[in-house]
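Trainee:
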Amino acid sequence: MFLPEDGGRDGISLVNLWKDRQKVYAEVCILRSGRWCVPDMESEIEPPDGTVFLEMLPPVHGKVFMVTNSGHTVGLDLAAGSLFTLELPVGVRSNYMLSCAEDSGIYLVSADGFQLSVWLHRMSGDDNDAGWLLLDTFCVREGQACTPRAEDSWVPPRNVCLDVVAVGDNADFVFLDHPASGTLFYVHLRSRVVEKVYQRGADECGYKRAAAGHVRVSPVMMIWPPIFPARNVRREE
Numbered sequence: 001m002f003l004p005e006d007g008g009r010d011g012i013s014l015v016n017l018w019k020d021r022q023k024v025y026a027e028v029c030i031l032r033s034g035r036w037c038v039p040d041m042e043s044e045i046e047p048p049d050g051t052v053f054l055e056m057l058p059p060v061h062g063k064v065f066m067v068t069n070s071g072h073t074v075g076l077d078l079a080a081g082s083l084f085t086l087e088l089p090v091g092v093r094s095n096y097m098l099s100c101a102e103d104s105g106i107y108l109v110s111a112d113g114f115q116l117s118v119w120l121h122r123m124s125g126d127d128n129d130a131g132w133l134l135l136d137t138f139c140v141r142e143g144q145a146c147t148p149r150a151e152d153s154w155v156p157p158r159n160v161c162l163d164v165v166a167v168g169d170n171a172d173f174v175f176l177d178h179p180a181s182g183t184l185f186y187v188h189l190r191s192r193v194v195e196k197v198y199q200r201g202a203d204e205c206g207y208k209r210a211a212a213g214h215v216r217v218s219p220v221m222m223i224w225p226p227i228f229p230a231r232n233v234r235r236e237e
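Quick note on the UniProt record's numbering: the sequence shown kicks off at 1 and runs consecutively.
(1) Could you work out which residue in Val193, Asp177, Pro219, Asp136 is closest to Gln199 when comparing CA atoms only?
(2) Should Glu195 be flagged as near chain C, meaning a C-beta pair shorter than 9 Å?
(3) Comparing alpha-carbon positions, which option in Pro89, Asp10, Lys23 lies nearest Cys29?
(4) In terms of residues, what are the limits of the beta strand (DSSP E) holding Ile30?
(5) Measure the alpha-carbon distance for Pro12 versus Arg141 and round it to whole angstroms.
(6) Along the chain, where does the beta strand (DSSP E) containing Thr51 start, and where does it finish?
(7) Look up Val67 in the DSSP assignment and say whether it is helix, strand or coil.
(8) Enumerate in chain order the residues of its own chain whose CB-to-CB distance from Leu135 is below 7 Å, with the five nearest sequence positions on each side excluded.
(9) What are the start and end residues of the beta strand (DSSP E) that includes Ser110?
(10) Using DSSP with H/G/I as helix, E/B as strand and the rest coil, what is Ala166?
(11) Arg209 to Val164, Cα distance in whole Å?
(12) Got a sec, what are the start and stop residues for the beta strand (DSSP E) Cys37 sits in?
(13) Note down the Cα distance separating Leu189 from Ile106, rounded to an integer number of angstroms.
(14) What does the alpha-carbon distance come out to for the pair Val64 and Met56?
(15) Go through its chain and collect everything with a Cβ distance to Val67's Cβ below 6 Å, but skip five positions before and after it.
(16) Helix, strand or coil for Asp20? Go by DSSP, reduced to three states.
(17) Please report the distance separating the alpha-carbon of Ala79 from that of Val15.
(18) Rounded to whole angstroms, what's the CA-CA distance from Phe84 to Gly201? Just pull it up for me.
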């Protein structure tokens with residue numbers, strides 16, 4: 001379910017996605033005047049054989065992308081109601097996230113073990129095949145890539161891999177999850193600074209990750225320190 005500012009039409013958009021044999025179908029309903037309209041648009045596409053949907057990502061420039069296991073992502077244009085496939089960079093499978101780039105492009109941040117890669121794909125009009133440009137790649141274990149700036153800066157141990165769980169706009173930063181220890185950390189991609197930001201308790205590791213896939217992070221930009229309105233407290237006599 002997405003808001004109008006996510007790039008859909010007027011009103012809240014409800015996206016239904018399902019697969020029947022080799023074809024994928026999408027249905028978009030719009031909430032107007034407190035009522036759901038009949039399906040406003042329908043579309044279908046036939047992705048590569050064996051495609052399995054793993055996760056639906058937040059909208060990027062009015063397009064919703066589905067993480068798959070096939071080396072492709074399936075996208076849905078909320079405004080046009082059309083499905084399309086977009087080939088991923090070579091070697092990228094499912095451990096990635098997308099974020100908005102300026103001029104209608106999209107960034108892709110992927111992790112392979114401890115190696116992070118940042119890619120850029122320019123999208124203009126109906127051209128979704130402009131190709132991926134590798135902007136940066138580095139290992140978060142290397143000392144030069146993990147410049148401490150706080151006491152809680154953290155370098156992951158060697159015997160685990162990392163999951164990409166959230167990426168900021170313009171690929172400014174990324175949140176990575178270390179499932180084995182329940183550690184969540186933040187990487188500023190341009191400076192390559194790594195900071196530990198959260199440690200889950202023992203009861204939050206293991207079975208919860210198996211049930212939910214991985215932790216979910218929703219970055220929010222805000223003024224700091226926050227300014228709250230004065231409390232209106234009435235004294236009772």
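Every residue, glycine too, gets a C-beta built ideally from N, C-alpha and C.
Mentor: Reading from the atomic positions:
(1) Asp177
(2) No chain C is part of this structure, which consists of one protein chain only.
(3) Asp10
(4) 23-32
(5) According to the sequence shown, residue 12 is Ile rather than Pro. Using only the alpha carbons, I get a separation of about 43 Å.
(6) Where Thr51 is concerned, there is no enclosing beta strand (DSSP E), given that its DSSP letter is neither H nor E.
(7) strand
(8) Val118, Trp119, Leu120
(9) 106-112
(10) strand
(11) A caution first: Arg209 carries a pLDDT of 44, below 50, which makes its placement in the model too unreliable to give a value.
(12) Element bounds for Cys37: n/a, residue is neither H nor E.
(13) 16 Å
(14) 7 Å
(15) Leu54, Glu55, Ser94
(16) strand
(17) 12 Å
(18) 41 Å
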